[in-house]
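Asks: Chains as they are written, first to last, in my numbering: chain L, 17 to 238; chain X, 17 to 238. For glycine and all other residues, C-beta sits at the position ideal for the given N, C-alpha and C. Got a structure for you, written out below as structure tokens; questions coming shortly.
There are 2 protein chains.
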Amino acid sequence: MKSKLNSVVFTHDSILLLSSMEKALTLTEKKRLDILAAAQDEFKEKGFLGASMDSLAKRAEVSKRTVYNHFPSKEILFHNIVKELCDSFRQAANIQYHPNKPLGEQLHFAATSEIQLLASECFRDLNRITISECIRSPELASSTLDHLGQQKEGLHVWIHEAMKDGRLKTADAHFAAQQFLGLIKASAFWPQLFMNQAFPSAEQQKIIADDTVLMFLARYKA
Amino acid sequence: MKSKLNSVVFTHDSILLLSSMEKALTLTEKKRLDILAAAQDEFKEKGFLGASMDSLAKRAEVSKRTVYNHFPSKEILFHNIVKELCDSFRQAANIQYHPNKPLGEQLHFAATSEIQLLASECFRDLNRITISECIRSPELASSTLDHLGQQKEGLHVWIHEAMKDGRLKTADAHFAAQQFLGLIKASAFWPQLFMNQAFPSAEQQKIIADDTVLMFLARYKA
DNA sequence: TAGGTAAACTGCACCGAGTAGTTTACATTT
DNA sequence: AAATGTAAACTACTCGGTGCAGTTTACCTA
Numbered sequence: 017m018k019s020k021l022n023s024v025v026f027t028h029d030s031i032l033l034l035s036s037m038e039k040a041l042t043l044t045e046k047k048r049l050d051i052l053a054a055a056q057d058e059f060k061e062k063g064f065l066g067a068s069m070d071s072l073a074k075r076a077e078v079s080k081r082t083v084y085n086h087f088p089s090k091e092i093l094f095h096n097i098v099k100e101l102c103d104s105f106r107q108a109a110n111i112q113y114h115p116n117k118p119l120g121e122q123l124h125f126a127a128t129s130e131i132q133l134l135a136s137e138c139f140r141d142l143n144r145i146t147i148s149e150c151i152r153s154p155e156l157a158s159s160t161l162d163h164l165g166q167q168k169e170g171l172h173v174w175i176h177e178a179m180k181d182g183r184l185k186t187a188d189a190h191f192a193a194q195q196f197l198g199l200i201k202a203s204a205f206w207p208q209l210f211m212n213q214a215f216p217s218a219e220q221q222k223i224i225a226d227d228t229v230l231m232f233l234a235r236y237k238a
Numbered sequence: 017m018k019s020k021l022n023s024v025v026f027t028h029d030s031i032l033l034l035s036s037m038e039k040a041l042t043l044t045e046k047k048r049l050d051i052l053a054a055a056q057d058e059f060k061e062k063g064f065l066g067a068s069m070d071s072l073a074k075r076a077e078v079s080k081r082t083v084y085n086h087f088p089s090k091e092i093l094f095h096n097i098v099k100e101l102c103d104s105f106r107q108a109a110n111i112q113y114h115p116n117k118p119l120g121e122q123l124h125f126a127a128t129s130e131i132q133l134l135a136s137e138c139f140r141d142l143n144r145i146t147i148s149e150c151i152r153s154p155e156l157a158s159s160t161l162d163h164l165g166q167q168k169e170g171l172h173v174w175i176h177e178a179m180k181d182g183r184l185k186t187a188d189a190h191f192a193a194q195q196f197l198g199l200i201k202a203s204a205f206w207p208q209l210f211m212n213q214a215f216p217s218a219e220q221q222k223i224i225a226d227d228t229v230l231m232f233l234a235r236y237k238a
């Protein structure tokens, strides 16, 4: 299996769930997780408007009433899903600036971990779910995609420090970080999100990371 | 002055058309344009699923029956809107490679015209309308976003020629074009589309174009 | 220029399907 | 037996789409 994050939530296989969590789960809690898993599938597949509570309940093999016992409304359930998915990415790859290590090495690590994040099925699911709604719901847009910009924050700080340290040309650190991530996402995020393009292979990922660092340093190295 | 019956079928800009020709339009044609304009607003505002044919008809100040006289179904109407918007971007900025002009100048032109395109309210409308649906409809995704990739094609060819000419380092031209556009869109497209970020001012646009070219040439100039 | 005809528009009622959310009455678990 | 979960029916909608009777418009002819 793939997902190493919050294994409980993303596991669709209830038997596995039960066996791995011992007998700790009461039936009520199990149902709750079934509902969350089914809701995630339903929303992912049909979007917020397209999703139906009946279909969702059937998916979870649970009475619709039970769904409403756990979540008072469709919207609240939706926000729970989004929140939950968001939380699983709190572990923002906090890149630390090391004055002694080579810039290329540090940047390559940043690029690789960003690609790693973009590669995770989980992360793309979150985006597929939210982005459609974000366009028409600014509130959700900011609350959610703030999270997405979190490791951008980290990179921005890193760049700023490297500039202060005289190892990068002085420039707008925020803008530079945007460029760095833009280079990556142009190949490893947007095309996969909107067209159904396959995600880059391991070799392609390496090329993307290498070339991003190469280009970035060609421009900014002091 | 009389107008041929079907000369108006494909519309460029409905509002402009209406105000400039006014009397020349037969009532049927005017209604048709009213419907298209209203549909554009409705879809833009609520998306495909959220849009309602009743609300749309009211917006167009037209009987719902009339809507269905012109367009047999909601889906067909939607595709008409998308097609119409697409057609208004047929003028793909076809960048031509000039062996004698400086690379920076030519690239700067490409960057500027790309930003120009991304800046147009029209173009962002098209994307806002389609992208949400593209995620769940691969068919629409390819048919529509092919268009978006058209000027990318142009750039890719340009880069290829410059490489053959020995003025750029030999590399994957398609990948390089993707990088070039990624640099631009990271600042002037995606943030505006999903968050409601304001579009860059004229000065900011210049900075983006300058810096994109700078970075690209730092990496690829032979 | 007047008049007639065909086509288009209107407004409304209506259909069947589906929606979120609630209630009721029964079954299972503990 | 008390508590919780259950299915199915029910409410009060909204939706896309249709049928139809009556009105308006466009255009051709006499």
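Counting only beta-carbon atoms, is ALA238(L) nearer than 8 Å to chain X?
Replies: For ALA238(L), the answer is no, since every Cβ of chain X falls outside 8 Å of its Cβ.
Asks: For GLU38(L), does the three-state DSSP call read helix, strand or coil?
Replies: Per-residue confidence for GLU38(L) stands at a pLDDT of 35, beneath the threshold of 50, marking its modelled position as unreliable; the derived number appears in the next sentence. Residue state, collapsed to three classes: coil.
Asks: Which runs of the alpha helix (DSSP H), 4 residues or longer, sit entirely within the segment 105-156 of chain X?
Replies: Runs of the alpha helix (DSSP H) inside the segment 105-156 of chain X: 119-135, 137-152.
Asks: Quick one, are the C-beta atoms of MET69(L) and MET231(X) less than 8 Å apart?
Replies: No, Cβ-Cβ distance for MET69(L) and MET231(X) is not below 8 Å.
Asks: Identify, in the order they occur along the chain, each residue of the same chain with its Cβ nearer than 7 Å to the Cβ of ASN143(X), setting aside the five sequence neighbours on each side.
Replies: So the list reads LEU209, once near-sequence residues are dropped.
Asks: Could you say which of LEU119(L), ASN110(L), GLN56(L) lies nearest to LYS237(L) if we only look at CA atoms?
Replies: Out of LEU119(L), ASN110(L), GLN56(L), LEU119(L) has the C-alpha closest to the C-alpha of LYS237(L).
Asks: May I ask you to report which of helix, strand or coil DSSP gives LYS185(L)?
Replies: Reduced to three states, the DSSP call for LYS185(L) is coil.
Asks: For LYS47(L), which of LEU65(L), ALA67(L), LEU72(L), ALA189(L) has the nearest alpha-carbon?
Replies: The candidate whose alpha carbon is nearest that of LYS47(L) is LEU72(L).
Asks: In angstroms, rounded to a whole number, what distance separates the CA positions of PHE196(L) and HIS86(L)?
Replies: Roughly 43 Å between the two C-alpha positions.
Asks: Which partner residues of LYS237(X) appear in the DSSP bridge assignment?
Replies: Looking at the DSSP assignment, LYS237(X) forms a beta bridge with LEU184(X).
Asks: If you draw a straight line from the alpha carbon of LEU199(X) to that of ALA127(L), how long is it in whole angstroms?
Replies: Cα to Cα, the separation comes out at about 15 Å.
Asks: Helix, strand or coil, according to DSSP, for PHE94(X) in the structure here?
Replies: Helix at PHE94(X).
Asks: Taking just the CA atoms, how far does LYS185(X) sit from ARG75(L)?
Replies: For ARG75(L) and LYS185(X), the distance between alpha carbons rounds to 54 Å.
Asks: For ARG235(L), which residues of its own chain have a beta-carbon under 6 Å away from its beta-carbon, when the five flanking residues on both sides are left out?
Replies: Closer than 6 Å at the Cβ level, and outside the excluded window around ARG235(L), lies no residue.
Asks: Taking the C-alpha atoms as reference points, what is the distance between ILE224(X) and HIS95(X)?
Replies: Rounded to whole angstroms, ILE224(X) to HIS95(X) spans 34 Å at the Cα level.
Asks: ALA157(L) and MET211(X): beta carbons closer than 8 Å?
Replies: Cβ atoms of ALA157(L) and MET211(X): closer than 8 Å.
Asks: Is there at least one Cβ from chain L nearer than 8 Å to ASN212(X)'s Cβ?
Replies: Closer than 8 Å: yes.
Asks: Taking the continuous alpha helix (DSSP H) assigned at MET69(X), which residues delimit it?
Replies: Where MET69(X) is concerned, the enclosing alpha helix (DSSP H) stretches over 69-75.
Asks: Using a threshold of 8 Å, state whether the C-beta atoms of PHE191(L) and PHE139(L) are closer than that.
Replies: Not closer than 8 Å, so no.
Asks: For LEU65(L) versus GLY170(X), is the C-beta spacing smaller than 8 Å?
Replies: No, these two residues do not count as a Cβ contact at 8 Å.
Asks: I believe SER148(L) touches ILE92(X) by the beta-carbon criterion, under 8 Å. Please report the beta-carbon distance rounded to the nearest angstrom.
Replies: Wrong, their Cβ atoms sit about 22 Å apart, outside the cutoff.
Asks: Is there a Cβ from chain X that is less than 8 Å from the Cβ of MET69(L)?
Replies: With 8 Å as the cut-off, MET69(L) does not count as an interface residue toward chain X.
Asks: Closest to LYS80(X) by CA distance: which of ALA55(X), GLU219(X), VAL98(X) is it?
Replies: The option with the nearest alpha carbon to LYS80(X) is ALA55(X).
Asks: Measure the Cβ-Cβ separation of HIS124(X) and VAL229(X) and say whether it is below 8 Å.
Replies: In contact: HIS124(X) and VAL229(X) (Cβ atoms closer than 8 Å).
Asks: Please name the residues in the segment 61-93 of chain L whose beta-carbon is closer than 8 Å to at least one beta-carbon of chain X, in chain order.
Replies: Residues passing the 8 Å Cβ filter: GLU61, LYS62, GLY63, LEU65, GLY66.
Asks: Does GLN220(X) come out as helix, strand or coil in the three-state DSSP assignment?
Replies: GLN220(X) falls in the helix class under three-state DSSP.
Asks: How close, in whole Å, do the beta carbons of GLN221(L) and ILE97(L) come, if the pair is a contact with beta carbons under 8 Å?
Replies: Contact doesn't hold; Cβ gap of about 28 Å is too wide.
Asks: As a quick exercise: from PHE205(L), THR146(L), GLU100(L), pick the residue whose alpha carbon is nearest that of GLU61(L).
Replies: When only C-alpha atoms are compared, the closest one is THR146(L).
Asks: Going by DSSP in three states, VAL78(L) sits in which element: helix, strand or coil?
Replies: Reduced to three states, the DSSP call for VAL78(L) is coil.
Asks: Using the three-state DSSP reduction, which class does SER89(L) fall into: helix, strand or coil?
Replies: Reduced to three states, the DSSP call for SER89(L) is coil.
Asks: Locate the alpha helix (DSSP H) running through ALA54(X), then write down its first and last residues.
Replies: 43-66 is the span of the alpha helix (DSSP H), which, as asked, contains ALA54(X).
Asks: Is there a Cβ from chain L that is less than 8 Å from the Cβ of ARG140(X)?
Replies: False, the Cβ-Cβ gap to chain L never drops below 8 Å.
Asks: Sorted by chain position, which residues of the same chain lie with C-beta nearer than 6 Å to GLY63(L)'s C-beta, five sequence neighbours on each side aside?
Replies: SER148, listed in sequence order.
Asks: Look at LYS52(X) and GLU100(X) and say whether their C-beta atoms are less than 8 Å apart.
Replies: The sequence given here places Leu at residue 52(X); Lys does not occur at that position. Their beta carbons are under 8 Å apart, which means LEU52(X) touches GLU100(X) by this criterion.
Asks: Tell me which residue opens and which closes the alpha helix (DSSP H) that GLN208(L) is part of.
Replies: Where GLN208(L) is concerned, the enclosing alpha helix (DSSP H) stretches over 206-210.
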